[in-house]
Every structure is written in C-alpha cells, then in structure tokens.
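Residue numbers (this note's numbering), protein chains in the order written: chain A, 29 to 351; chain B, 8 to 165; chain C, 92 to 580; chain D, 3 to 672.
Notes follow the structure.
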C-alpha cells in the first residue's frame, strides 16, 4: 500500500517556513518515511500539470505557506484545495497575509512605479516595466499577474487548519505533523476544521517569562530607551508590545531578548481584528490625570498601522488601504 | 431623499447614560435632524472598540460617530477616558489607511444636551456628504474575482 | 523554434523560471532567467519607524534573514547617529559569522557536494546527502546536522530567534550575553572551526583528489570573465560585516573601492520586461548586454567574487586555505563558476575562525551592548556580505525617524545577469543538435546555476533524493510536447 | 446567523403606533411588511399602544401560540418601557433578556421631518434589533447578601436626619464627621427663612438625639480613608484623628479651654471673627460635648514644651498628648454621602474688596454677627463697633456668573431677604439695599416673605453690583464709608450707594475635596464638583454605584427643607436595600474565564469599580460579580477578548452593525 501523499507549497513568502520545517532536524526524515512527497517546490518538481494530473483529494496533506499575491499563487491555492484532503495555511503569510500583506497599503501600479522608476539605483529612461506577456525574438515569455490586494489563503480558498507564526517554531511544526502521522498510523480523529494548530489558546503574555503587573503607561518608549531588565513587562515600560493581542505558541522568544512582540502568531481565539484590538488595548492603559492628556499621549503613537497590523493587515476587517 | 443624491450611511455608538438619553431628549423636544445615523447603544463609550468602528466601515458605513458622557460625568467614573485615548489613535490609523479621518467623530453629549445631539448629527451628516461615499464593501471586494482554477490556468501556464 | 522550460529552479522573492529556446536545428537560440514575483518591500517599508525595518526586511528572505537584519541594523545606526558599542558590534558580528558558516555548510554538503562526491552523472537516488554519507562515512551526516543545529542555537542566543532574529537596536543589540551563554557560544564557535576543517578535508578528498572534477571546474563551459565585487577591511581582507566595497576587473586589478554610502555612484539597475527582478551593473563600465569581458558592466558577487576582490583572509587558517586555493586554480582572478564551491569553504573557515576570535574576547559579556542615538540624521546605508552577494539597504527618514524612502539591492540580484549568462552558456554547451536531453545533462545545466546558490531552497530537496526536474521540449506554436525528460524521487 | 439554543430562532417583531406619535410619521404597515421579510422573523404585528395591557397580551399570546423565542418591540425609548416589556416577556415564560427594543419614536418619528425617510430609518433600526436579538442569551439576575448596617458620611443636618431615620428603623448607623462636632453649617445659622425660627432651636434637639441614639455610633473628628466592596457589602476604613483628649474621661466642662495659654486661634465656628484657645470646644451645643486639642496650635504638640495648664485644669485627667490616630474597619450594606457645601470665597472677586475693605463681610459672617451666641452677642455692628447706618447686600456673588459658577445657588435670595429683615429688626433706622439680578423666591412661603420685606422698607436695586470702593475723603459725610457702584437696570442709571456695611451673598460651592471623595466612593461628580445622581428626576438620591446614596448640598445647592427631604429619601433608599437579606444585581456584567485569561493584568488596573482582582493561584483575573457595573471597559481593553459582557457581546454588537447597514429598500446610490 502506497504512503499518503504530502505536499508543501510556497506562495508570496520568504522561505523562512521551509527553513522552519528544516528546524525539526532529523525528524524531517520521519516525514519522508511516513509520507510520499509528491509536491514540494523546494523538494520536487514544480510543474503544475503533475498536480493537475492527480485525482481530486489524492494529496492527504498540503502545507501551504505564503500569501496570495498574484494569479499564480491564487491558481495554486485553488488547485491544491481541489487535490488535497487537508489544506493547512502554514505560517503567518498564509494565515494572516503576513508581512507581504503590508503591501495592501499600496497597489501594484504604485509599487511598480517605485521599484522600476523611482528607486535611486534604477536607470529606466524608457519606462520599461515587466510585462505579463512579452514577445522576445525567439518567442513569447509570460509572467503572472500581480494583484493590488494581498490575501491570506482563507480569503481565496477553504482552509482546514492554520499553523501560525513567522515562521512557525520547529517543535510546534513537529507536534502537528506527529499528531497527523499518529492519526494516520493508529487511527483516531483529526482536530475540528478551522482549528489553529501548533499554537496555544491564550495570549503571548501567558508564555512570556516577564513579570506582569498593572499596566499604566505615560508615554511610548523604544526598547533601547529603557535600562535592560529581564524581569519587567515591556508594555509596562511603555514599549509597544503586541503580546496581549497575539496567540501564544512561540515561547515568548522576542520578549526574552528585550524586544517587543510584533504579533506573528496572529490573534488569540475570540479576537477578530488583531490590529484594531491592539489599538483598543494600548489606548486603555494610557495613564494621565485627564482625558485630554490621555488623548495627547495616544496621538504620539508612532505607526499604528505598521505596528498593530504588522502581520495581520490582509486579514483585518478593512483588509487594505484605500487607493 | 432624491434617488440619485448620495445619502451617507452612519453608525452611531451611544453610551446608555448620557448620549442615548441626550438623543432621547432631542426626540421628546421634537428637534429635527437627518435620518442617516443609526444608533447603537452600549453601556459606556469605553466599551466601544476600534474593532466595532472598523466593522462599521467594512460593512458599508460612510461615517462613524462615537458619543459618550462629558469627561468627569461618566457614569463609570472614567470609562470614557479610554474612548478619549482610542480616538486619536483611530484617526491616525484611518489616515494611514488613506481613509479621511473626518469619517470618524467623537462627541461628548450629556443627557441634558438634546440640542447638541441634533446639531452634531446634522453637522456630521453634512461633513460626510461632503466627503462622499466610502463604499468599503466594493473597495475591498473590487478585485475578488474568485477565479476558478480553469480561468487562472490560462493566466499562469500559457 | 521550441521552448524548453525549467521551472522552477529557485526562489528568491518567490520562484524562478528558466526558458530555453531551441531553434529548428536543435541548437540553443537563447536562454531567459525569469523571476516571476514582486512583493514591494520598498513601498511598504515607507511609513514605518526606521528601527522596525530590522524586523521587517528579514522577511525578504527567510534563508538569509540574518543578512537583512544586519544590513538594516547598520543603516538604522546611521539614521539614528548611533555608533555601536564595542560589545554591541561584537555580538552582531558573532551572530552574523556563525550564520554565514552555517549557511555555507548547508549549501556545500546538502547541495553541492553530492554532485562531486557521487558524481554529476550518477544515479539521482544516490546523488544526495545520503549518498554522500555513504561515501564519506556516517559521521558526516551527524556532523552536518550538529553544525546546523548548534549554529542556529547560537543565532537564537544572541538574536532571540533562529529564523528572523530580532535583537539589534540602534548602536548595538538589546540584550547582554550572560556568562553561561558566552561559554556556550565559545563551545559552538570551537566546533564550527573544527567542522570547517573537516569540510575542507572532504573537499580535498572527493574533489581535488579527482582530476576529472578539477577539469570540470576549470572547463570553459562554466567560466565567465567578469568584474568581481566584495567587501574588504582596511587591509583589503574579506569581511562579511563591515568595510568598504572593492571591485576588481576581469584581470584582477582594482577597478574601484568605495564606501557603502557611495554605492549609488557605482551601481545601476536596469529593468527587463520579462522578469520582475532588476539587473544591476557597474555604472563606471555601463551596460553592454548579457556579455562578459572588460567592456561589460556585468559583475559577480558571492564567494568566488569575494575572494577575487580581496587580498586575503584576516584569520590564519583561512588565509592559508586562500593561498592554496589560488595556487591550485592558477592564480587570481578565478573565473570558474564552479570554483565558487571551494571559495565557499574558504569563507566557511574564515567565518568560523572569526566567530571563535570574537567569542573569546573578554568584552563579549559586557553589559554595554548598545549606545544611545545622538539624533536623527535622516539617511543611512547599511551593507553586509550576504552568503549570496553584497547586500545593500538604503533608508531615508523624516525628522521623527519615519521611513520616507527605502532602496534595497539584494544579494542574489547582483548575480542576476551573470546567472542568465551562465545558464545560456551551459545550455549551449550541453544541449547539442539532435542530442538526447538526459537527466544528468539537466543536472549539469543546473550545476551552473546552483553554484550561485541563488537560494537555499534548492538545497533542501536532496534530503529526500534528487531534485526532480522536467524539461519539456515542445513545439512552441502548438505547445505540443515533442520530448520530455522527467526525474522523480 | 447564529442559531438559538433550540434550533432556528423564531423572532416576533411588534411595532407600536404609539397613537400617532409613530404612526403619524412612519408608514407602520410598510415597516411591518419589511420586518416580516427578515430572516428568522416568524411574526410581525402592529398595535396602537403596545405598552397597554392588550398590547402586552398580544405579545404574550404570540409567544405562546407561535412558539417565539426572541422578541423585538419597536416603539419608544427603552428607558421608557424596556422594564414593562421585559416583565411581559418574562410573564409569558420567555427569559426577559431574549428581548430587544427598537427605539423608533425618540430616535426616529419625533426627529425626522420626511415620512419616507422616517420609514426607511425605522426599517434600519428594526433590522439592527432583529440581527442583534438572535445573538442574545437568557440571563438570570444575581443575588448577594446584604449587611444591615449603614454608613452616613457628613454630620450636617442631612447626615443627622438620615441617620436618625435609619436608626429609628432599627438599623445600626455609623455617622462619620470630619469636625470635632456634628451640626455642620446649619449650626452656624441664626434664623432660618422664611419662618425665622432659630436654627439652633430646631437643630440642637436633633444633634443630641443623634448623639444619644443607641443605634447611632458617632465617628467625629474622623474621615473615611478607604472604601472597598460593593452593594450590600461595603468595607470602609475610618481614620479617627487624635483629639489628645480621652473621650470617655472628658466631661466637656471646658476648664481646659479656659486655662489653655494659646489664646489667639481664629474661631472657625464664628468664621474667625473672634478667637478660641488651642484647647477648645467648637461651640456650646457641640455633640459630642468634648474638648479637642488643636494639634497645629498646641505648644506641647508643636514645640513639645508647654506649662500644660490644661492638664492641671482637667480633673478627670482626660488630656493625653500621647494619643494617636485610630483606624476602624466598618462593614455596611449601604452608604449615604451628605458632605455638604463650602462657601464661595469673597476674595476671589477683587472688586468687591472682601478682605481688603473692612465691613465687607460674607453671608456666614453675618449669620454669626446676628447670632446671640456670636462674637457680638447678636448685635449687628461694624468692625468699629458702631451700628451701621446703611447696609448693602450684594446677590449672586460667585453664582450666575460665568467667571465663577454658572449655576444659581438657590438659597442666596432668601437668606439675603432674611438678613435684611434681621437688620430692620435690630436697627429699624438702618437703610438696607438689596442689589439683585432676579429675585428667586420659589419655595413655600418664600414669595410672601419677599412681599413682606418690600413693606419693611428695604430698597431693592435691580442690578449686579459693579464694585465696592472706599469713599473718597472729600465726600466728608461719607468718610470711612463704603460706596457700592451698581447700575439700577430699572431706572437705567448707575448709582453710587454709600453704606457702612456690605454683605456678600456668596454662592454655595462643592467641598474642595469633592472630586476625591467621589473617586473614593466610585461615582461621578460634575465639573462644578456636585455629585451626580443616577437620574436627575427619577433617582435623585441614588448614584451609579448601587448602595451609595447622596443627600443635601453635596448634590447641589439647596435649602434646609429640601435637604431634609432628600436626607429622608436617601434614608428610605438605603432602608429599601438594607431591610432585605439579599439584593439582585443586573446581569449585564463581565465574566472572565480563567481558562482563557493569560494573567497580563491589563484589566485589573482598569476597572473603574475595582471589580477585577488578580487570582495568583489561577494566574488569571477574576470579576467580583456584585461589584461589576457592566461598563464593558475590561472587555474592550483585553487583548484576547477574554472578558464577556453579558448583553453586550461582540457578536451582538457586530450583528447590530450588520443589521443597521444591511440593504433595506433604500434608494440606490448613483
């Protein structure tokens, strides 16, 4: 009897998710033993038609990382959904849009103008832009269509599970694969659809090693503006930390080195819009003796969009900036 | 309302103690103001989250009004101080999202200020009329062509 | 005219595509290397507080996030007018060299070595790290895994996370190194040096020991006479973290040496309508198309280039290996693309030695890990040597330190033009009229490309076996497939 | 849309015509038709007066026959009839919180000009309510036990009155007064308007009754420093300042006060018009009648060196310089705040010369001068000791004045008239001028009193006094006199009135520490510092904090009858609470699931009512149900949205937004 088929695909992503999978070290070989890897662009042939050739649902498990940024990504999202029994949004980009989702402050035209014309190192007097179809002397070349709006996987296709994180932490990934391998071998039930796997159900504060006390801040600080203190909660020191609005699972690594959480594990259960939630939370802990002063302090928040929506703009309620 | 003039859709979040009663007073005093704002009652303006404001815009509101007790008069002592903190952050965020900050407004309206309520709503409706429709539903869904695999295959694997 | 697609072969920002056009006589008419994706970091970095770019730009590439983290950190230092403290700089450099060593290791053992150890034309099923282990003994695999694991442990100790580290701040890093951590760092550094020597030993045995391979490396099919770029210290020795940019011409003579902040005077990028990735060239020479030679502004970066562009290595063992490298390959500069693999090992040794050197400095545990910004200068350029080439980050900010402009020249981009040329040359050399397009042949085409290590991604595959590729030779007009070669796990 | 517990929700929408109030503007049949078309709506009906018995029966009938499990009533404001309909729904066997009210009267038919627009708006409002009600859940009121004791803060007439009422009803009362004696301002008054009965004569009996009452424990010279807990279960810490006199030994004989060597202490009770000793009894009728040693003035206590004549003088040896402050913890079920007022300081209005010109005096000073037990033994005299030939009484000093207080102090007109009368009574020859803006004589017998004064020859000048100056020397006959400059708006001339004495009828202001007190007890206070009642008309003595009531001038300026009436009302309010063993609490409060809470502490510091505590064992925050007022601040602030506010969940608010924005038959945009 042939092994169940496994696929991993990256869309608009950095590759960190693949590296993260490597972090499971020798266990990767166990994946090899238990699955028949039919499709892993970094591991196997990328030709679409090999996937097209598969029967619907022939792939048992597909880990899809990266956001949906262009027509090629979207096509693959639909195709892999069709061919997979279990489609997992793997990593922050697939789950939330991730950092590529920040491109939703702009649109394709604006980005091209900047990258191919305005950038100081670019010399492009004839205003040459990459074309989706282009005739070279020898024939025709094509490029995928770049969308204006970056989307998370579940904004394009039906998703079974989510594994958040930028990237997901090695042990977490293994825990998930182990569960699935276990179910394959010994039977049993997979978690209910829509479950966030490889992460906790509380906020990052729960695993952050720092001591939490009542939070009343009188202004916003940068990490280097406060003396090094391994114990004190960063938020209490005025450093904007997304911990309270971020799902646990990473182990609180960033705060352990004195750097604030930026929310890569996405919102905890019950939070619909991570960035908006952070705004409500942060504003609430500003302490002053009058609402006017509170408003003054609140107005000094440096970059609400880029901080609160660092990884979640595409999945936010508004999804993108107006252009 | 004439069929082709833009009629703003506005959501108003009113605290139960001051603003909602202020709006009631405008009613009992038979003051007249435009019908574009639909009130939503919360116990305290401090309960109103950025998420609620975003939700309103995402679902098609052209403007959002948050109204609570005057500072010091809050029936939860300082619940509205939280609102006061959220407001400037929200404005800044909207600006970054390229949405006119004027589409969001915060007002302190007491239970005794029926006239202020009527004035605020009238002004706000006019301001939003000036700004024109936001049509966020269309904005975000503009590109949502929901291609099926077939259509895209053409685009990708020529 | 027929079109052969090799798709994908890499991922930089997304995926890569090679299009080979074969004319009616079956000869290669042209080869195009395409990058089909664009994410627009330059746009959405605008509006962010500049210090956050050290945590945003690493997401350009999860393979070498450390490089982006450091280039950003240096640009941010400049924007904040914050000169790193001695310890702050040391910790950054330790992290960075340890990363470089780990990255080079993975590339050599998992990607490059199998071609040589078991042979480019060998059975794909054996041509992988397992096959390599079979050849050089089981302990090799263990060593590689330990090297990777320990190096990432070190990155995590200083950087907070092993992928996408976070710990740099203007003028240094956020967290001091504890005594215990320092001990562990030393231990790891010692192992890295030990491992680097082992790696070179393997190379001696399996490659230099085999004249066939030496010939293959030196064969013209894999050579280009281009300019070479690399970062050097005040003694013109290779340095990954800090220094000036030195460019030598195809004869190995210094063409220009410039400070990172002057990069705009020396580099220009051009746009081709068939790729989302731009093509940099030397402004001083100019663009003459996809050709090599003194008159073409095409230059190369990464290990081969760095060794050519420098006068030596600053650490003893690496210096010795550097000398042996040029003696063996017939003096400077070395144009052979495949020699990059050896160059990479020389750098691996240097990186390990450098890590060890810094790890043993008593100041490494000083609490003085960052300085204080002296005021926002409004502009900063940060350059480091990423494993895949010189990495440029250039930011401008307003008076509040909010980014108003951001320009990035990413490691592999430097080699964009050269990669296209190498692929064309290899394809033309290998694909003969009427000749069967064999799997091994594809691998040899791929080797030309792989030497540049445009991305780590390609490497991971060999854990499971050969990277399956399919080349379809088809009637372009109809797209009808005339001949396909496939290979699978 | 979510499903109610038992499958698909079945919603009934009942739309009230409210006679013509709604139906006169809104096309109700059209709205009924629209409502009927909404998801899950099983019944949509119109009725003339939904709040009437037949209207309520209509709803109840439909609930039973149509098996409705969600009810929306579109009618007036919920503040009007929500309780009515909730009862009706509950009576029909449906939980009262499965009901939502759509306000299409105050928020629509009454404020919208155009009928078509009003109809559209009604649809949207109902749409929002229908979407919302689907997400509503049955809730049960929470019951907590009640402590039967009551705390009364402030020993003025309001506090005394409330204490007596409660004590007579058999409840233990703790009466806390900051001064050494109870009595408050009223004890300083001479006569009371309009009846002119002597203030002392009516107050003193109440004071001693309070002092003797077995159910009343006096905590004089004491202040509340901590308040914790919640309705029915308050925990209060009272700080009793060291009196340096043993209350049990002291007999109030007053010998120490005669022997004390420090003689030049301004006497507060007489507004500093005369002096007292460092050892003193505030006034003869003080309750408790005990001496107090002024720690700021006593040589022994300030310099640690004194002949201690007081100690010698004291037979029972009650004086004890070693005495320290004492803190007492009290547990009470209800609290009445009656902290009174503070008089506007005349100095603040430069041009009236108070503090600069002798014989420009405050109203309270006049009260003392005219009082038989006052510094002048009841003779109305200038500082010089001469009888004033003419007196001007300036109204609205610091009130009805945007520079100071916009509000009207309500009592000044009347006590000014009282002063005029007293002057005429003592010195019939003396001219009395009243410089007023309007005469406000609204109370029982007040207008009559005003008329009477006009017949007593008091001169009424309609106009706010511009300034008071010392007469220039050349106006010989005016030497040493004061001149009041005022525009007589009736005659339209500016008058310069020479007088010997000017009385400033100063405003009643909130106590200087009113805001801190409000914070301490957890209710709101206006920008002027007066405490805010829960409802200005229907709950004038309750605060937003259940179990805490207010009475007297701390709520706003008022006269004695109103104060006493309010004290009674507050007592009754407290009684209605502490007479029960338990109290029911609104269930629209927050709940924190310890399983979900990360223990980040954000909400803990935030709760305006200190209803959230951190449970270290569970590493989670906990809501003290009975203390929670349901503001929802914690819900909005929690980064993980762990707190749930029953009745105001995100689901419910989101649904309401969706409904309000859902396309009704609104004209399409071009």
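From the three backbone atoms N, C-alpha and C, an ideal C-beta is built for every residue, glycine too.
Predicted model only: the values in this text are computed from it and were never measured.
Let me see if you follow: with CB-CB separation under 7 Å, is residue 358(C) close to chain A or not? Here the question's residue 358(C) lines up with position 267 in the third chain. Judged by the 7 Å Cβ criterion, residue 358(C) is in contact with chain A.
Does residue 495(C) come out as helix, strand or coil in the three-state DSSP assignment? Your numbering for residue 495(C) matches position 404 in the third chain. Strand, per DSSP.
Alpha carbons only, please: which of 269(C), 405(C), 294(C), 356(C) is nearest the one belonging to residue 445(C)? Sequence index remark: in the third chain, residue 445(C) carries index 354 (1-based). With distances taken between Cα atoms, residue 445(C) lies closest to 405(C).
Kindly give me the distance between the Cβ atoms of residue 382(C) and residue 156(A), rounded to whole angstroms, as I take these residues to be in contact under 8 Å. Looking up residue 382(C) in the third chain gives position 291. Looking up residue 156(A) in the first chain gives position 128. Contact flag wrong, Cβ pair sits at about 19 Å.
Closer than 8 Å is the cut-off here; do at least three beta carbon pairs connect the stretch 197 to 212 of chain D with the stretch 299 to 315 of chain D? no
Backbone CA spacing between residue 308(C) and residue 248(A) [nearest angstrom]: On the third chain, position 217 is the one that residue 308(C) refers to. On the first chain, position 220 is the one that residue 248(A) refers to. Each residue's alpha carbon lies about 57 Å from the other.
Find out if the Cβ-Cβ distance for the pair residue 424(D), residue 372(D) is shorter than 7 Å. Locating residue 424(D) in the fourth chain gives position 422, where the first residue counts as 1. Locating residue 372(D) in the fourth chain gives position 370, where the first residue counts as 1. The answer is yes: Cβ separation under 7 Å.
With a cut-off of 7 Å, does the C-beta of residue 316(A) fall near any C-beta of chain D? Your numbering for residue 316(A) matches position 288 in the first chain. It does not; no Cβ of chain D falls within 7 Å.
Please classify residue 334(A): does DSSP put it in a helix, a strand, or coil? The residue given as residue 334(A) occupies position 306 in the first chain. Here residue 334(A) sits in helix by DSSP.
Taking C-beta pairs closer than 7 Å, name the residues in chain B that residue 301(A) reaches, listed in chain order. Translated into the one-based positions of the first chain, residue 301(A) becomes position 273. Ordered by position in chain B, the residues that pass the 7 Å Cβ test against residue 301(A) are 58, 61.
Would DSSP call residue 341(D) helix, strand or coil? Within the fourth chain, the letter at position 339 stands for residue 341(D). Residue 341(D): coil per DSSP, three-state reduction.
I want to know whether the stretch 139 to 158 of chain C touches the stretch 114 to 121 of chain B - three or more CB-CB distances under 8 Å. no
Would you verify that the beta carbon of residue 247(D) is, or is not, closer than 7 Å to some beta carbon of chain B? As a first step, residue 247(D) is located in the fourth chain; it is residue number 245 there, counting from the start. False, the Cβ-Cβ gap to chain B never drops below 7 Å.
Based on Cα-Cα distance, which residue from 219(D), 233(D), 162(D) lies nearest to residue 148(D)? Counting from 1 along the fourth chain, the entry for residue 148(D) is found at position 146. Looking at the Cα atoms, 233(D) is the closest of the given residues.
Residue 612(D) - DSSP class collapsed to helix/strand/coil: What you label residue 612(D) is simply residue 610 of the fourth chain in a count that begins at 1. Note: residue 612(D) maps to coil in three-state DSSP.
Quick test of your reading: residue 439(C) and residue 196(C), contact by CB under 8 Å. State the CB separation rounded to the nearest angstrom. Along the third chain, one-based indexing puts residue 439(C) at 348. Along the third chain, one-based indexing puts residue 196(C) at 105. Their Cβ separation, rounded to whole angstroms, is 6 Å, which keeps residue 439(C) and residue 196(C) in contact under 8 Å.
Partners in chain D for residue 38(B), counting only beta-carbon separations shorter than 8 Å: For the purposes of this step, residue 38(B) is taken as the residue at position 31 of the second chain. The contacting residues are 113.
Output needed for residue 396(C): all residues of its chain with C-beta closer than 7 Å, excluding positions within five of it in sequence on either side, in chain order. As a first step, residue 396(C) is located in the third chain; it is residue number 305 there, counting from the start. Excluding sequence neighbours, residue 396(C) sits near 319, 320, 321.
State the beta-bridge partners of residue 544(D) as determined by DSSP. As a first step, residue 544(D) is located in the fourth chain; it is residue number 542 there, counting from the start. Answer by DSSP bridge pairing, in chain order: 551(D).
Which same chain residues end up closer than 8 Å to residue 334(A) when comparing Cβ atoms and leaving out the 5 residues on each side of it in sequence? Looking up residue 334(A) in the first chain gives position 306. Cβ within range, chain order: 130.
Close beta carbons around residue 76(D), own chain, < 6 Å, minus the five adjacent residues each side: Sequence index remark: in the fourth chain, residue 76(D) carries index 74 (1-based). Counting only Cβ-Cβ distances below 6 Å, and skipping sequence neighbours, we find 17, 104, 106, 128.
Whole runs of the alpha helix (DSSP H) within the stretch 56 to 127 of chain B, excluding any shorter than 4 residues: 57 to 65, 86 to 103
What distance in whole Å lies between the Cβ atoms of residue 480(C) and residue 506(C), which are believed to be in contact at a cut-off of 8 Å? Counted from its first residue, the third chain places residue 506(C) at position 415. Counted from its first residue, the third chain places residue 480(C) at position 389. With a Cβ gap of about 6 Å, residue 506(C) and residue 480(C) count as contacting.
Return yes when the Cβ of residue 147(C) is within less than 7 Å of the Cβ of residue 124(C), no when it is not. Walking along the third chain from the start, residue 124(C) turns up at place 33. Walking along the third chain from the start, residue 147(C) turns up at place 56. Contact flag unset, no.
Residue 114(C) in three-state terms, based on DSSP: Here residue 114(C) refers to the residue found at position 23 when the third chain is read from its first residue. Residue 114(C) falls in the coil class under three-state DSSP.
Return the CA-CA distance between residue 420(C) and residue 38(A), expressed in angstroms with no decimal places. To locate residue 420(C), count along the third chain from 1; it is residue 329. To locate residue 38(A), count along the first chain from 1; it is residue 10. Cα-Cα distance, rounded: 39 Å.
Below 8 Å CB to CB, which residues in the same chain sit around residue 401(C) once its five sequence neighbours on both sides are set aside? Against the third chain, residue 401(C) aligns to sequence position 310. The residues are 321, 323, 327, 328, 329, 337.
Could you tell me the boundaries of the alpha helix (DSSP H) in which residue 144(C) lies? Here the question's residue 144(C) lines up with position 53 in the third chain. 144 to 147 is the span of the alpha helix (DSSP H), which, as asked, contains residue 144(C).
Is residue 39(A) close to chain B, meaning its C-beta is less than 7 Å from at least one C-beta of that chain? To locate residue 39(A), count along the first chain from 1; it is residue 11. No, no contact with chain B.
Can a CB atom of chain D be found closer than 7 Å to the CB of residue 30(B)? By one-based count along the second chain, residue 30(B) stands at place 23. Chain D, which has a Cβ nearer than 7 Å to the Cβ of residue 30(B), makes this yes.
Using a threshold of 7 Å, state whether the C-beta atoms of residue 281(D) and residue 259(D) are closer than that. Locating residue 281(D) in the fourth chain gives position 279, where the first residue counts as 1. Locating residue 259(D) in the fourth chain gives position 257, where the first residue counts as 1. Yes, Cβ-Cβ distance for residue 281(D) and residue 259(D) is below 7 Å.
Do the stretch 643 to 655 of chain D and the stretch 588 to 601 of chain D touch if we need at least three Cβ pairs shorter than 8 Å? yes
Beta bridge counterpart(s) of residue 438(D) as assigned by DSSP: Your numbering for residue 438(D) matches position 436 in the fourth chain. Per DSSP, 464(D).
Once DSSP output is grouped into helix, strand and coil, what is the label at residue 225(D)? The sequence position of residue 225(D) within the fourth chain is 223, counting from 1. In the structure shown, residue 225(D) sits in a strand (DSSP, three-state: E or B).
Any chance you could list the beta strand (DSSP E) runs of at least 3 consecutive residues sitting entirely within the stretch 227 to 311 of chain A, in chain order? none
Hey, quick one: how far does the beta strand (DSSP E) through residue 164(A) stretch, first residue to last? Translated into the one-based positions of the first chain, residue 164(A) becomes position 136. Element bounds for residue 164(A): 161 to 164.
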